[in-house]
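S.K.:
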Amino acid sequence: MSFLNPLFLLALGAAAIPVVLHLVRKVQARRVPFGSLRFLTVAPRERVRRRRLKDVGLMAMRMAILALLTLAFARPFFPPEALPFLPQRADRSVVLLVDRSYSMQAGEAFAQAQAEVQRRLDALQGDDEAAIVAFDDGVEVLSDLTDDRTLLRSVAAGALAAGYRPTDFFPAFQRAEALLQDARHAAREIVLISDLQRIGWTGAFDNWKLAHGITLTVVPVGGGMAGNAFVETVHVEPERVG
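Per the numbering used here, the sequence shown starts with residue 2, numbered consecutively.
(1) Is the beta carbon of T218 less than 9 angstroms from the beta carbon of I200?
(2) Would you mind reading off the limits of the alpha helix (DSSP H) that contains P167?
(3) Kindly indicate the opening and closing residues of the beta strand (DSSP E) around R32.
(4) Which one of H236, A114, R63 and T216 has the shortest CA to CA distance from A162?
(5) I'd like the span of the beta strand (DSSP E) that includes P7, first residue to last.
(6) On the DSSP letters alone, give me the boundaries of the alpha helix (DSSP H) that S104 sits inside.
(7) Using DSSP's beta-bridge definition, name the partner residues of L193.
(8) How about R154 and S94: are their beta carbons less than 9 angstroms apart?
(9) Return the chain-ordered list of same chain residues with a C-beta closer than 6 angstroms to the C-beta of A16, the five sequence neighbours on each side being excluded.
(10) DSSP three-state label for D123, please.
(11) Identify, in the order they occur along the chain, each residue of the same chain with its Cβ nearer than 7 angstroms to the Cβ of D148, setting aside the five sequence neighbours on each side.
(12) How is V21 classed by DSSP in three states: helix, strand or coil?
(13) If I follow the unbroken alpha helix (DSSP H) through L153, where does it start and stop?
(14) Please state whether DSSP places A68 in a helix, a strand or coil.
(15) E130 lies in the beta strand (DSSP E); which residues open and close that run?
(16) Find out if the Cβ-Cβ distance for the pair V99, V142 is shorter than 9 angstroms.
(17) Measuring alpha carbon to alpha carbon, tell me which of R101, R241, F74 and R52 ends up nearest R166.
(18) Can you tell me where the beta strand (DSSP E) holding L143 begins and where it ends?
(19) Just tell me which of R51, L59 and Q119 has its CA closest to the CA of V156.
(20) Apply the 10 Å Cβ neighbour rule to V57 and answer buried if 16 or more other Cβ atoms are within range, or exposed otherwise.
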């Protein structure tokens, strides 16, 4: 067992306060001479013994409360290696969906996406496996599920680039689900890294539901950018003659 605030353990001595108070305030028995004991009631020994046990139990309870309060402030914890009999962290299968559509070229959106991919790869542990999928209105699997960290970092650094096409999220989710069907681990996750342009959410999502057992994590990038501008109609005035 370890403690986050071990200095609080110095206060464990406070658990002795009830004992100290008992000794300080203990009433000494006085000898009182009586001419006759005829009118005194004899207290049964069993009652006296029960009273003493009750007092001892009450004192022990007070000491335990003070000790537990001290331990609570010290914040004890068991490191994972000290508890080998407990289930350890489950290995994961992760698909990184990276938006490379035209809108990702605005501001720092794509640079943020690349940094997030590297951060997610750095967070992989044990036998975790990951895949990198880039998408716009099409889908490209840059790396299938693998636990080769070197390969994944190389793909993330060299093959990811923003393009000039529009966004469509639905085919990307379908491809990610297909990849996770063959995953080695039960803990499965899709990480969507995108500027989340509204135009990419088509009606195909109306009756769609993420497969059971898959967790979705959404990482928005490029926040605070100006809204899009577009030409809605073009009208040419007819040339007048005369």
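Built from N, CA and C at the ideal position, the CB exists for glycine as well.
As the structure is a prediction and not an experimental result, all values here were calculated from the model.
M.R.: Looking at the atomic coordinates:
(1) Position 217 of the sequence shown, counted from the first residue, corresponds to residue 218. Position 199 of the sequence shown, counted from the first residue, corresponds to residue 200. It is not a contact, given that the beta carbons lie outside the stated cut-off.
(2) As a first step, residue 167 must be located in the sequence shown, where it is residue number 166. For P167, no alpha helix (DSSP H) encloses it, and the DSSP letter there is neither H nor E.
(3) In the sequence shown, counting from the first residue as 1, residue 32 sits at position 31. It is not in any beta strand (DSSP E) - R32 carries neither H nor E in the DSSP assignment.
(4) For the purposes of this step, residue 162 is taken as the residue at position 161 of the sequence shown. When only C-alpha atoms are compared, the closest one is A114.
(5) Here the question's residue 7 lines up with position 6 in the sequence shown. Looking at the DSSP string, P7 is not in any beta strand (DSSP E), and its letter there is neither H nor E.
(6) Numbered from its first residue, the sequence shown carries residue 104 at position 103. DSSP places S104 outside any alpha helix (DSSP H), giving it a letter other than H or E.
(7) By one-based count along the sequence shown, residue 193 stands at place 192. BP columns for L193 point to L98 and V219.
(8) As a position in the sequence shown, residue 154 is number 153, starting the count at 1. As a position in the sequence shown, residue 94 is number 93, starting the count at 1. Going by C-beta atoms, R154 is not nearer than 9 angstroms to S94.
(9) Taking the sequence shown and counting its residues from 1, the one referred to as residue 16 is at position 15. Sequence-distant Cβ neighbours of A16 in its own chain, meaning closer than 6 angstroms and more than five residues away, are M64, L67 and A68.
(10) As a first step, residue 123 is located in the sequence shown; it is residue number 122 there, counting from the start. In the three-state reduction of the DSSP assignment, D123 falls in the helix class.
(11) For the purposes of this step, residue 148 is identified with residue 147 of the sequence shown, where counting begins at 1. If we look at D148 and ignore the five residues flanking it on each side, its Cβ neighbours are D128, D129 and E130.
(12) Numbered from its first residue, the sequence shown carries residue 21 at position 20. In this structure, DSSP gives V21 a helical state, which the three-state scheme calls helix.
(13) On the sequence shown, position 152 is the one that residue 153 refers to. From DSSP, the alpha helix (DSSP H) with L153 extends over R150 to G159.
(14) Numbered from 1 along the sequence shown, position 67 holds the residue referred to as residue 68. In the structure shown, A68 sits in a helix (DSSP, three-state: H, G or I).
(15) Numbered from 1 along the sequence shown, position 129 holds the residue referred to as residue 130. For E130, the enclosing beta strand (DSSP E) has its first and last residue at E130 to F136.
(16) Residue 99 sits at position 98 when you count from the first residue of the sequence shown. Residue 142 sits at position 141 when you count from the first residue of the sequence shown. No.
(17) As a first step, residue 166 must be located in the sequence shown, where it is residue number 165. Closest by alpha carbon: R101.
(18) Locating residue 143 in the sequence shown gives position 142, where the first residue counts as 1. V140 to T147 is the extent of the beta strand (DSSP E) around L143.
(19) Reading the sequence shown from its first residue, position 155 is the one you call residue 156. In terms of CA proximity to V156, Q119 leads the group R51, L59 and Q119.
(20) Against the sequence shown, residue 57 aligns to sequence position 56. V57 should be labelled exposed.
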